[in-house]
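Student: Handing you this structure, nothing more for now.
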Amino acid sequence: MTRMIERWFPCAEVSDASTAGWGSGNTESALWVWFAKRPLVQAKAAVLTSLLPWPDHPDEQQRLRDLVRRALNGYEAAAREIADELAKSYPNGAAILDPFSGRAMIPLEAARLGARSSGIDYSPFATLGGSLLADFPLRDWSAEPPIPFASGQTSFGPRLLDDVRGVLNEVGQRFTAEMQPFYPEYEGKQPWGYLWASTLPCQECGNRFPLVGQLLLRQPRLKKGDSGQSFRLVVDQQAGTFSAEVHEGTPVGTPTRIQSGKSKYSSSGRVAVCPFCEHVHPKAVHTRLSAEGQRRDALLVAADIDESGTKVFRSPTEEELTAAEAAQHAVAQEKPFDELSAVPDEAIPAGNTWTIQSTNYGDRVYGDLCVSRQNLTLVSIARAINSVSEDILEAGVSPDYAKALAGYATAAMMRKIRRSTRGARLQITGGARVGDIFVNQSSVAFSYDWFESALSDGPGSWWSLADQTVSALKGFLNRQGGSPAYISRGSATQLSFRDSSQDAVVTDPPYDDMIDYSDSSDLFYVWAKRAMAVADPSLSFTLDRNGLQDKADEIIVKRGGSQSNDHRTQQFYDDTISQAFAEARRVVNSDGVVTIVFGHGDPDVWHRLLTAITRAGLTLTGSWPAKTEQGGAAVGSANIVTTLTMACRPAPAGREPGRANVVEAEVKREVSARVPDWESAGLAPTDQLMASAGPAMEVVGKYSVVLDNLGEPVEPDRYLLVARRAVEQAASVQIDDLPIETFDARTRFALSWVRLYGRTVAPKSEARWQTLASDLPADALKGVLKEASSGVRLAFGSEFKAHISDTSHVIDVALAMANVWTDGLDAVADVLAASDRSLDDPYLWAAMSFLSSRLPEADQDGIAWTGLVRSKRGIGSATRHVVTTQKRADEKAQAWTLFDDVVDGAQK
Numbered sequence: 001m002t003r004m005i006e007r008w009f010p011c012a013e014v015s016d017a018s019t020a021g022w023g024s025g026n027t028e029s030a031l032w033v034w035f036a037k038r039p040l041v042q043a044k045a046a047v048l049t050s051l052l053p054w055p056d057h058p059d060e061q062q063r064l065r066d067l068v069r070r071a072l073n074g075y076e077a078a079a080r081e082i083a084d085e086l087a088k089s090y091p092n093g094a095a096i097l098d099p100f101s102g103r104a105m106i107p108l109e110a111a112r113l114g115a116r117s118s119g120i121d122y123s124p125f126a127t128l129g130g131s132l133l134a135d136f137p138l139r140d141w142s143a144e145p146p147i148p149f150a151s152g153q154t155s156f157g158p159r160l161l162d163d164v165r166g167v168l169n170e171v172g173q174r175f176t177a178e179m180q181p182f183y184p185e186y187e188g189k190q191p192w193g194y195l196w197a198s199t200l201p202c203q204e205c206g207n208r209f210p211l212v213g214q215l216l217l218r219q220p221r222l223k224k225g226d227s228g229q230s231f232r233l234v235v236d237q238q239a240g241t242f243s244a245e246v247h248e249g250t251p252v253g254t255p256t257r258i259q260s261g262k263s264k265y266s267s268s269g270r271v272a273v274c275p276f277c278e279h280v281h282p283k284a285v286h287t288r289l290s291a292e293g294q295r296r297d298a299l300l301v302a303a304d305i306d307e308s309g310t311k312v313f314r315s316p317t318e319e320e321l322t323a324a325e326a327a328q329h330a331v332a333q334e335k336p337f338d339e340l341s342a343v344p345d346e347a348i349p350a351g352n353t354w355t356i357q358s359t360n361y362g363d364r365v366y367g368d369l370c371v372s373r374q375n376l377t378l379v380s381i382a383r384a385i386n387s388v389s390e391d392i393l394e395a396g397v398s399p400d401y402a403k404a405l406a407g408y409a410t411a412a413m414m415r416k417i418r419r420s421t422r423g424a425r426l427q428i429t430g431g432a433r434v435g436d437i438f439v440n441q442s443s444v445a446f447s448y449d450w451f452e453s454a455l456s457d458g459p460g461s462w463w464s465l466a467d468q469t470v471s472a473l474k475g476f477l478n479r480q481g482g483s484p485a486y487i488s489r490g491s492a493t494q495l496s497f498r499d500s501s502q503d504a505v506v507t508d509p510p511y512d513d514m515i516d517y518s519d520s521s522d523l524f525y526v527w528a529k530r531a532m533a534v535a536d537p538s539l540s541f542t543l544d545r546n547g548l549q550d551k552a553d554e555i556i557v558k559r560g561g562s563q564s565n566d567h568r569t570q571q572f573y574d575d576t577i578s579q580a581f582a583e584a585r586r587v588v589n590s591d592g593v594v595t596i597v598f599g600h601g602d603p604d605v606w607h608r609l610l611t612a613i614t615r616a617g618l619t620l621t622g623s624w625p626a627k628t629e630q631g632g633a634a635v636g637s638a639n640i641v642t643t644l645t646m647a648c649r650p651a652p653a654g655r656e657p658g659r660a661n662v663v664e665a666e667v668k669r670e671v672s673a674r675v676p677d678w679e680s681a682g683l684a685p686t687d688q689l690m691a692s693a694g695p696a697m698e699v700v701g702k703y704s705v706v707l708d709n710l711g712e713p714v715e716p717d718r719y720l721l722v723a724r725r726a727v728e729q730a731a732s733v734q735i736d737d738l739p740i741e742t743f744d745a746r747t748r749f750a751l752s753w754v755r756l757y758g759r760t761v762a763p764k765s766e767a768r769w770q771t772l773a774s775d776l777p778a779d780a781l782k783g784v785l786k787e788a789s790s791g792v793r794l795a796f797g798s799e800f801k802a803h804i805s806d807t808s809h810v811i812d813v814a815l816a817m818a819n820v821w822t823d824g825l826d827a828v829a830d831v832l833a834a835s836d837r838s839l840d841d842p843y844l845w846a847a848m849s850f851l852s853s854r855l856p857e858a859d860q861d862g863i864a865w866t867g868l869v870r871s872k873r874g875i876g877s878a879t880r881h882v883v884t885t886q887k888r889a890d891e892k893a894q895a896w897t898l899f900d901d902v903v904d905g906a907q908k
């Protein structure tokens, strides 16, 4: 049975619903700290199309397409119809497995659809999060005895929601009571928080000074009569001390950390300037001092929330300064959690200078990432969760229910950690708030100045995060139920499932070197195992010698790992991902598909992925793009926007070798046959290019190996480029009745690019793919494409700098003419004459006409090319004049007379 995903996928619907609303999965992802966020709509679409059949009759195909589109309109859209349709193919229910489940978005959607859903992940931290999302909310807890404390709110919702609310309230009250001596009230209210900075000794005068990167505390809101607030550093030269003085308005001084290089990541980066003697400390110097352990913490500014909700800043009181000091002594006296130290002393592994940025500045264990009072707060929360867990168990609830309730409290704690280290800076854009430590997605940030939340109910506080946890849980508890997913820890390379036991495997595996999953989540894991010590002591079980998450079989490429001889190399990734795909092939039934969601910008990574799929005994049968990524900064080496949802089947037995020329012709034929179907389904040209990988690899998969005319194996990814070219050819693109393939290669690339993207910024990865498909070297695009902030775009004529000659490409002449259009017809004629092209050259004028039609109305080059085409006759006259004038000048320069010869002779 052919599955729907092998012939169609709702690309446009998935792209449209991925960024906001139900399809984004923002509600679900808000529950647990994890780094890969698969949009819910993509998970639902992948599961549905991997299970539904693809009928032979066109009317039935259209009916199922329409049904899936309706199902993607919301959480429960067309739920009854979908259930009835799945029951036709799976009367006993479908079985689906995700062996890289992460936070379990795919298992959740499979469970909601009524499938027997299973999720496996190598990370125990991810496994706990997956249980909180796809397992516990779908269980019936009505038979559990009452817990000993109620939320205090009347609730007619699910039992789990009310008990989670009660647990979070109780944890908050217990830890707040423990921490109140260390957070004194100010004018009868709890402060919102405190601004801190690290100090270092000046290498010139010896005085310690704080390293602060900004002095503005609250943005001015002049329309509301708010001038904002800032602070300045006041130094006492004689005493060698400093203090922060808060004042109204914008800053009047200069921060002690200022930009020196092109960016903060450059070798020069931000320098530190001593406010006592103005001595400049280069980045290398202050980094070295910090790494040597010379950093000290200094509390600079306190912050309150007034009656209007505005953050108001002030100098800290003596009582507040004393309380902060007392916390430093108190945390040192904290008793351990059984065999675990109170403050995490697990060592940060070598090779994490990018993932855990503070290791560059001297942090050696995970407890070093927080100031003492932050550590004491987290210890108190963990103890409160444990004591509440003990009370729940004594009340007679089941171990699973105690684990669930403690798990949701731990989820709130984990989200607090995101704003509870030295990487959580004060953010002032859009209103003052506590920043996230994940500035670069999965890289844990470090800053010399940071913000600490206190015990108020403001942003970043326990009460704020508890409310968000309840809200997130309520959001998906209100959805129609399904069967709980089976979520467990395990390796994708050694699945515990029987052969042919799954109707489909749908998974979103790690994307090469994009995210260091376990290294990035170890900060949370070391605290989670302390918080869950009573409810789930098994969370602490690990084979890692440092007490962190095991990494022996983690399938990633460790970025920067070569410096520490990390085993997670490219070769390790290629071998183990292939083993994981082979295990997926083993457990899927003979009529099922293995669906892989993958995204990466580097063509080499795609080559390696296809090789891994082939080595696993799978063959690709469908490939569907969707814009599901936000394109934000990531740890990975490439910025991705589009992911592919790929369907694979076990490769048929007894395959014969294929010949390269035959396979190439077959790929072209198969892709050309699919293009009309893609167009009728509304697939955009850019999406058709990516979808072409499916039929191309399906053809290649018919053969055990493809051999060239010398009998040498041909790499499968060669046919991705063949398929892309076939899409272009099948589209029969005409440029004023001229086939696009008759233009020179550089111009053909530019015309194709504008056809696909116009002037919009496209991912760099797409430029690389298009370059390869055009058989052009990378440097051949210089002057045609220009780098932008988040990708590449078509260059403007004003950016074109090359010299025009009779060998210039059509696109270069067109850009040069657009550049001088505003200088008048004579300037345009000079360019045209230099190119040795005429009014009779159909390619130049056809190209300019096409380009102008594909660019926005206000585009400066579009306007120029439109004007050029309309002024063709005038340009011709001017060009003839330029050519005639130049010809006469040349003839005069070459003419000679007897007198000229005598003069020349005399000179000689």
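When we follow my numbering, the leftmost residue of the sequence shown carries the number 1, and every step to the right adds one. From the three backbone atoms N, C-alpha and C, an ideal C-beta is built for every residue, glycine too.
1) In terms of residue numbering, what span does the beta strand (DSSP E) encompassing Tyr486 cover?
2) Can you tell me where the beta strand (DSSP E) holding Trp606 begins and where it ends?
3) Looking at the structure shown, is Asn709 part of a helix, part of a strand, or coil, going by DSSP?
4) Pick helix, strand or coil for Met4, following the three-state DSSP scheme.
5) Measure how close the beta-carbons of Gln427 and Arg418 come, nearest whole angstrom, since I'm counting them as under 8 Å.
6) Taking Cβ positions, are Thr621 and Glu728 nearer each other than 8 Å?
7) Select from Ser680, Thr377, Phe209, Tyr75 the residue whose C-alpha is nearest the C-alpha of Gln294.
8) In or out: Pro316 buried (at least 16 other Cβ within 10 Å) or exposed?
9) Within 10 angstroms of the Cβ of Ile740, are there 16 or more other Cβ atoms? Answer buried if so, exposed if not.
10) Kindly indicate which three-state DSSP category Ile640 falls into: helix, strand or coil?
11) Would you mind stating whether Phe451 and Leu195 have Cβ atoms separated by less than 8 Å?
12) Between Ser520, Val722, Asp812, which lies nearest to Asn440 when the distance is taken from Cα to Cα?
13) Compute the Euclidean distance between the alpha carbons of Ala846 and Ile875, then round it to the nearest angstrom.
14) Around the Cβ of Ala653, are there at least 16 other Cβ atoms within 10 angstroms (buried) or fewer (exposed)?
15) Is DSSP giving Gly423 helix, strand or coil here?
16) So, under 8 Å CB-CB, Gly482 and Arg112 are touching, yes? Tell me the CB distance rounded to an integer number of Å.
17) On a CA-only basis, which of Asn169, Leu40, Ile305 is nearest Asn73? Give me that one, please.
18) To the nearest angstrom, how far is it from the Cα of Ser808 to the Cα of Glu766?
19) What are the complete alpha helix (DSSP H) segments, minimum 4 residues, inside the stretch 804 to 847?
20) Rounded to a whole number of angstroms, what is the C-alpha to C-alpha distance between Ser387 and Leu548?
21) Leaving out five residues before and five after Gly592 in sequence, what residues of the same chain have Cβ atoms less than 6 Å from its Cβ?
22) Whole angstroms are fine: how far does the CA of Lys551 sit from the CA of Phe572?
23) Using 8 Å as the threshold, is the stretch 132 to 147 in touch with the stretch 398 to 411, meaning 3 or more CB pairs across them?
24) Identify whether Pro53 lies in helix, strand or coil by the three-state DSSP scheme.
25) Keeping to the same chain, check which residues put their C-beta closer than 7 Å to that of Ala83; ignore five residues upstream and five downstream.
26) Taking C-alpha atoms, which residue in Pro510, Ala531, Leu539, Gly561 lies nearest to Phe35?
27) Could you spell out the range, first to last residue, of the alpha helix (DSSP H) harbouring Gln203?
28) Can you check which of these residues, Pro146, Ala382, Val506, Thr355, is closest to Ile96 by C-alpha distance?
29) Within the continuous beta strand (DSSP E) that includes Ala504, where are the two ends?
30) Please report the residue range of the alpha helix (DSSP H) in which Leu138 lies.
31) Is the beta carbon of Trp624 less than 8 Å from the beta carbon of Leu644?
32) Going by CA-CA distance only, name the one from Ile120, Ile5, Arg615 that's closest to Leu64.
33) Once the 5 residues before and after Arg174 are set aside, which same chain residues still bring their CB inside 6 Å of it?
34) Buried or exposed for Ile515, going by 16 or more other Cβ atoms inside 10 Å?
35) Unbroken alpha helix (DSSP H) runs of length 4 or more, entirely within the stretch 357 to 405: which are they?
36) Whole angstroms are fine: how far does the CA of Gly682 sit from the CA of Ala12?
Tutor: Well, looking at it:
1) Here residue 486 corresponds to residue number 486 of the sequence shown, with the count starting at 1. Its beta strand (DSSP E) spans residues 486 to 489.
2) Within the sequence shown, numbered from 1, the residue matching residue 606 stands at position 606. Trp606 -> not in any beta strand (DSSP E); alpha helix (DSSP H) instead, spanning 603 to 615.
3) To locate residue 709, count along the sequence shown from 1; it is residue 709. Note: Asn709 maps to coil in three-state DSSP.
4) On the sequence shown, position 4 is the one that residue 4 refers to. Note: Met4 maps to helix in three-state DSSP.
5) Counted from its first residue, the sequence shown places residue 427 at position 427. Counted from its first residue, the sequence shown places residue 418 at position 418. That belief does not hold up - the Cβ atoms of Gln427 and Arg418 are roughly 13 Å apart, past 8 Å.
6) Working through the sequence shown from its first residue, we reach residue 621 at position 621. Working through the sequence shown from its first residue, we reach residue 728 at position 728. It is not a contact, given that the beta carbons lie outside the stated cut-off.
7) By 1-based counting over the sequence shown, the position of residue 294 is 294. Nearest C-alpha to Gln294: Phe209.
8) Taking the sequence shown and counting its residues from 1, the one referred to as residue 316 is at position 316. Per the 10 Å Cβ criterion, buried.
9) Translated into positions along the sequence shown, residue 740 becomes position 740. The residue in question, Ile740, is buried, as its Cβ has 16 or more Cβ neighbours within 10 Å.
10) In the sequence shown, residue 640 corresponds to position 640, counting from 1. Residue placement at Ile640 is poorly supported in this model, since its pLDDT is 44, which falls under 50; the coordinates are not used for a value here.
11) On the sequence shown, position 451 is the one that residue 451 refers to. On the sequence shown, position 195 is the one that residue 195 refers to. Closer than 8 Å, so yes.
12) For this step, residue 440 is matched to residue 440 along the sequence shown. Measuring C-alpha to C-alpha distances from Asn440 to each of Ser520, Val722, Asp812 identifies Ser520 as the nearest.
13) Taking the first residue of the sequence shown as 1, we reach residue 846 at position 846. Taking the first residue of the sequence shown as 1, we reach residue 875 at position 875. Spanning the alpha carbons of Ala846 and Ile875 requires a straight line of approximately 15 Å.
14) Taking the sequence shown and counting its residues from 1, the one referred to as residue 653 is at position 653. Ala653 is exposed by the Cβ-count criterion.
15) As a working note, residue 423 is residue 423 in the sequence shown. It is coil, neither helix nor strand.
16) Here residue 482 refers to the residue found at position 482 of the sequence shown. Here residue 112 refers to the residue found at position 112 of the sequence shown. Contact flag correct, Cβ pair sits at about 4 Å.
17) Counting from 1 along the sequence shown, the entry for residue 73 is found at position 73. Here the closest residue by C-alpha is Leu40.
18) Along the sequence shown, read from residue 1 onward, the residue named residue 808 stands at position 808. Along the sequence shown, read from residue 1 onward, the residue named residue 766 stands at position 766. In this structure, the alpha-carbon of Ser808 lies about 25 Å from that of Glu766.
19) You should have 810 to 820, 825 to 835.
20) As a first step, residue 387 must be located in the sequence shown, where it is residue number 387. As a first step, residue 548 must be located in the sequence shown, where it is residue number 548. Distance between the alpha carbons of Ser387 and Leu548 is about 24 Å.
21) Looking up residue 592 in the sequence shown gives position 592. Here the set comprises Asp503, Ala504.
22) Mapped onto the sequence shown, residue 572 falls at position 572. Mapped onto the sequence shown, residue 551 falls at position 551. Their Cα atoms are separated by approximately 12 Å.
23) Inter-segment contact for the stretch 132 to 147 and the stretch 398 to 411 is present: three or more beta-carbon pairs are separated by less than 8 Å.
24) By 1-based counting over the sequence shown, the position of residue 53 is 53. Strand.
25) Position 83 of the sequence shown holds residue 83. The answer, listed in chain order, is Gly114.
26) Position 35 of the sequence shown, counted from the start, is the residue given in the question as residue 35. Cα-wise, what sits closest to Phe35 is Pro510.
27) On the sequence shown, residue 203 is found 203 positions in, with the first residue counted as 1. Note, Gln203: premise wrong, no alpha helix (DSSP H); not H, not E.
28) Taking the first residue of the sequence shown as position 1, residue 96 is located at position 96. Sorting Pro146, Ala382, Val506, Thr355 by C-alpha distance to the C-alpha of Ile96 places Val506 at the top.
29) Here residue 504 corresponds to residue number 504 of the sequence shown, with the count starting at 1. It spans 502 to 507 - the beta strand (DSSP E) in which Ala504 sits, taken as one unbroken run.
30) What you label residue 138 is simply residue 138 of the sequence shown in a count that begins at 1. For Leu138, there is no enclosing alpha helix (DSSP H), as DSSP marks it with neither H nor E.
31) Along the sequence shown, read from residue 1 onward, the residue named residue 624 stands at position 624. Along the sequence shown, read from residue 1 onward, the residue named residue 644 stands at position 644. Going by C-beta atoms, Trp624 is nearer than 8 Å to Leu644.
32) For the purposes of this step, residue 64 is taken as the residue at position 64 of the sequence shown. The shortest C-alpha separation from Leu64 is found at Ile5.
33) Indexing the sequence shown from 1 puts residue 174 at position 174. Sequence-distant partners of Arg174 (beyond 5 residues in either direction) whose C-beta falls short of 6 Å from its own C-beta, in its chain, are Ala384.
34) In the sequence shown, residue 515 corresponds to position 515, counting from 1. By the C-beta density criterion, Ile515 is buried, having at least 16 other C-beta atoms within 10 angstroms.
35) Those alpha helix (DSSP H) runs which fall completely within the stretch 357 to 405 and span 4+ residues are 372 to 394.
36) As a first step, residue 12 must be located in the sequence shown, where it is residue number 12. As a first step, residue 682 must be located in the sequence shown, where it is residue number 682. One C-alpha to the other measures close to 8 Å.
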